[in-house]
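Under my numbering, the first residue of the sequence shown is numbered 1368, with each subsequent residue one higher.
Cβ atoms here follow ideal geometry from the backbone N, Cα and C, with glycine treated the same way.
Structure record follows, encoded as structure tokens.
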Amino acid sequence: MKLPFALVMALRETRSSRRRLGLYTGAIGLGVAALVSINSFRANVATAINNESRNLLGADLELRSRRPFSDETQLVLDSTEVDGLAVSYVTTFNSMVLSKRTGLTRFIEVRGIEGPYPYYGQVVTEPPGRWGTMGNRHWIVVDPAVMVQLNTIRGDTVSLGDAKFVLDASVVKVPGDIGFRSVFAPRIYVPAKYLDETGLLGFGTRTSYRAYLKFTDDRSLNDFLESHLTLLRSEGIGYDTASERQEDIARSLDLLTRFLGMVGLIALLLGGIGVASAIHVFIKEKLPTVAILRCLGTRQSTILAIYVAQAALTGLVGAIAGAMLGVLVQVNLPTVLADFLPLEVPTFIEWPTVLAGLGIGVWASVAFALLPLLTVRNVSPLQALRSDVEQSPPRSRARYWIYLALVITVFALSLWQAPELQVGAAFAGAIIGATGLLWVAAWIMMKMIRRLLRRRLTYIVRQGVANLYRPHNQTIAVTLAVGFGVFLITSLYVVQNNLISQLSVDESSDAPSLVLFDIQKSQKDSVERIIAANGMPVLGVTAIAPARISHLNGRPVPELLTDTTSPRRNRWPLTREYRNTYRDSLLPSEQIVSGSWWDPDDPLAGTPRSERIARISLEDDLASRLRVSVGDHITWDLQGVPIETEIASLRTVDWAQLNLNFFAVFEPGAIDDAPQTFVALTGDESALRRAELQRDIVVAFPNVSAVDLTLLQETVNKIVGSVTFAIRFMAVFSIASGLIVLFGAVATSRFQRIRESVLLRTLGAERRQIMLMLFTEYSALGLLSGVTGTVLGTAAGWALITYLFEMSFETPPVALLAFCLGTVAITIMVGLGASREVVNRPPLAVIRQMAQ
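What follows is the structure in structure tokens.
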């Protein structure tokens, strides 16, 4: 075999089909563009994180606690500072801020800064340079969202608890900050020495205490941790080093980009399907040419090499174009994902990724083209003389090896792109399963129409549906291309719709839309009166008693954490502070799965508290983390008072519902006298009346925070919308590839349709009748693709919602019907638009061309 001859013939054979092959070159190019852009961006992110690892934390070490640092811990920090190492403190809690000029309020996150934090990176403010001067006066720096929502300007005075501060500047950039966090609670940065003046750090306030340390080198950092690790664990103090924060952020962003890459991978696979469809029709038209080459003595291997080289050249051209497009898209990805990036990501060409994209594009083209190319291996020279009677070449057994190669290719690409092997395998299985189901649906439709429906239809409709199974039909190619696109869009929409609907606030007139919390026991009655004075109902008041776990079945928590004879325990459920409550009934978001809820008429209810063990109901996932079940005992530390409890039941909790859900619920009477705060629920459809109530509450009781659930809903919608927008951004490549394959599938059979049209017009058919035939054909194709893709997409969405997000699933019937009808409409428009030449070509010109 002479390779140059094969290449020359491949180029010559390409000349007559450049437009057709060009379509599928575009489909391959879009797939390569998706992979190159997202993988190059991922590499850019990794490089940026490595270069700015210390900036992500702003220090070398972060210590964090839910309680003020103990005297022993503070002594260690003070001695460290005496030794010449820098230490800064940040105290964080949530509260309300009130603008004195506008009277508007907002739920915010307060950060009290003490010391020269951050040590690495730079806080950028507007006007510039205001961060360093903040500690000298009652001046504060705020997120821009605070100024917008309070309708304030620089120089305005705001009330934070009992203290007043001047808005000095807004924050443009904070090291390691992730944009969407400020959507939940915009931040206010306050000099820590003024926090006591606010009066907000009292009982019930959920406060985080952090210390940031700067070391001279990694060795001194490791020595510090080794020396004080036992103290940190015994005090329940968590810590992060700059390298650990770097790894956490890198892992999170890598997970996000890999999922986006998996969405983009579908575009490449669609392009491969397009190549296979194009080569299938192309080879059927080239069989006489192949037979002539065989008559001239060309070997089978040479002929196969000609068309394999043609597929490779097609893939190479598409991959080059796709790589160039991917580099351009890569520049815009930091903008698309800005809400999830904690640092600026510079964009530069990642040549290994570009080369990998080129190789994958060429291989995908060749791999998908091999199956239809097998037909040229067994073409007989006699077919050049007896093409009218010579049978099609027999199927080769090599097709099974090609099927295996395609399956391996899909799995290899999925595993390479996926964040985990299990996810990649599941993704590849879903792709292969969806492809198989779409193919089966198209095949069943062809068989059913051919055997059952054709005889019962009118002549025009019968001719239209007959095109679904005639030679050069487009049924399988269109169903795979369009159905895959619909499958992708439907699954994304179904997941988004379920997330938003289940994270939504009940907007009925009697549903709570405002939550007031951190209400002290002495303030409870007054808060209820203020609510009533504003004409709003009190929809419920719930007690909250902060507590920590001190013992499990009699064993102290420190002993459990240091136990090496049993599997290592998770520290989080044992060391965190819980906010518990007590009540006599379940919420709609709860369901008992083990044990039983206490009966108000239970004889034990009248037994004095000192004579029996209090009963609790525990959330089942927490119970599995704590390794406890019904009948086990938990001893709680409620502000220094130990209370032993017995687990009476385990229950599931739908955390997606915006209810007052708790991990542990005590039976009534168990902790009535324990230190506690209260949460009150109220609501009104008027945003103005809710704002007025928030203002009145903050003026009367600055420690009480009020959260408007409608604003929280907008926040949730924005976060979910940002995620789905990022996914849709990558899905555009897949959708565009599907449309290209659809257009190309129509174009590949154009000449066959032209000949049929000429014969029909010669027999007296009108152009309108031919257009109706085509309309019938593409209507059937669109309906099949739409229904199949929608059903598969809904099934995929159900699986994701049920097993990944662990939520109940709701089907949006109106939207699904719209997807089906929209698919039919798009298929008809593209099909008829690409078939205009079928009815516009003069019959005589076509007949002469056929005679030649």
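- Secondary structure note for E1476: its beta strand (DSSP E) is the uninterrupted segment 1472 to 1481.
- No Cβ-Cβ contact shorter than 8 Å links I1555 with V1457.
- Proximity to V1491 across V1509, V1477, G1482 peaks at V1509, based on C-alpha coordinates.
- As the crow flies, the alpha-carbon of P1558 is around 18 Å from that of K1540.
- For E2011, the secondary structure class from DSSP, reduced to helix, strand or coil, is strand.
- Counted as a single uninterrupted DSSP element, the stretch harbouring R1421 is not any beta strand (DSSP E) but the alpha helix (DSSP H) occupying residues 1420 to 1424.
- Of all C-beta pairs linking the segment 1673 to 1692 to the segment 1719 to 1738, three or more are shorter than 8 Å, placing the two stretches in contact.
- The beta carbon of I2193 lies closer than 6 Å to none in the same chain, with the five residues before and after it left out.
- Given a length threshold of 3 residues, each whole run of the beta strand (DSSP E) inside the segment 1896 to 1966 is given here in chain order: 1905 to 1919, 1945 to 1949, 1957 to 1962.
- Exclusion of the five residues before and after P1713 leaves N1411, A1415 as the residues of its chain whose Cβ lies within less than 7 Å of its Cβ.
- If the five residues before and after A1609 are omitted, its C-beta is found closer than 6 Å to the C-beta atoms of S1420, R1421, L1424, D1427, all from its own chain and listed in chain order.
- With three or more CB-CB distances shorter than 8 Å, the segment 1997 to 2015 counts as touching the segment 1914 to 1928.
- In the three-state DSSP reduction, E2059 falls in the helix class (H, G or I).
- Per the C-alpha coordinates, the member of Y1770, Y1484, A1795 positioned closest to L1780 is A1795.
- N2028 and I2064 have their C-alpha atoms spaced approximately 24 Å apart.
- Here W1768 is exposed, its C-beta having fewer than 16 other C-beta atoms within 10 Å.
- Sixteen is the threshold: since fewer than 16 other Cβ atoms of the shown chains lie within 10 Å of the Cβ of S1446, the residue is exposed.
- An exposed status is given to D1615, since fewer than 16 other beta-carbon atoms sit within 10 Å of its beta-carbon.
- If you draw a straight line from the Cα of T1702 to the Cα of L1695, it is about 13 Å long.
- In the three-state reduction of the DSSP assignment, H2000 falls in the strand class.
- For the pair A1731 and L1773, the Cα-to-Cα distance works out to about 9 Å.
- Selection S1668, A1900, L1637 evaluated against I1798 yields L1637 as nearest (Cα-Cα).
- V1905 places its beta carbon 8 Å or farther from that of I1911.
- Taking C-alpha positions only, W1964 is separated from S1952 by approximately 8 Å.
- Between T2190 and G2156, the CB-CB gap stays under 8 Å.
- With fewer than 16 other CB atoms across the displayed protein chains lying within 10 angstroms of its CB, P1955 is exposed.
- Judged by DSSP secondary structure, D1885 falls outside any alpha helix (DSSP H) and instead within the beta strand (DSSP E) spanning 1881 to 1887.
- By DSSP's assignment, V2074 forms a beta bridge with V1882.
- Counting only the Cα atoms, V1746 lies some 14 Å from I1673.
- Non-local beta-carbon contacts of Q2136 in its own chain, meaning distances under 8 Å to residues more than five positions away in sequence, involve I1827, L2127 in chain order.
- Check the Cα spacing between L1568 and each of G1502, P1494, V1477, K1653: the tightest is with V1477.
- Taking C-beta atoms under 8 Å as the contact rule, M2140 and G1831 qualify, at a distance of about 4 Å.
- In this structure, the alpha-carbon of A2058 lies about 14 Å from that of A2067.
- If you look at F1794, you'll find it in the alpha helix (DSSP H) that goes 1788 to 1815.
- Boundaries of the beta strand (DSSP E) around G1605: 1605 to 1608.
- Looking only at I1405, A2147, F2030, the smallest Cα-Cα distance to M1815 is reached by A2147.
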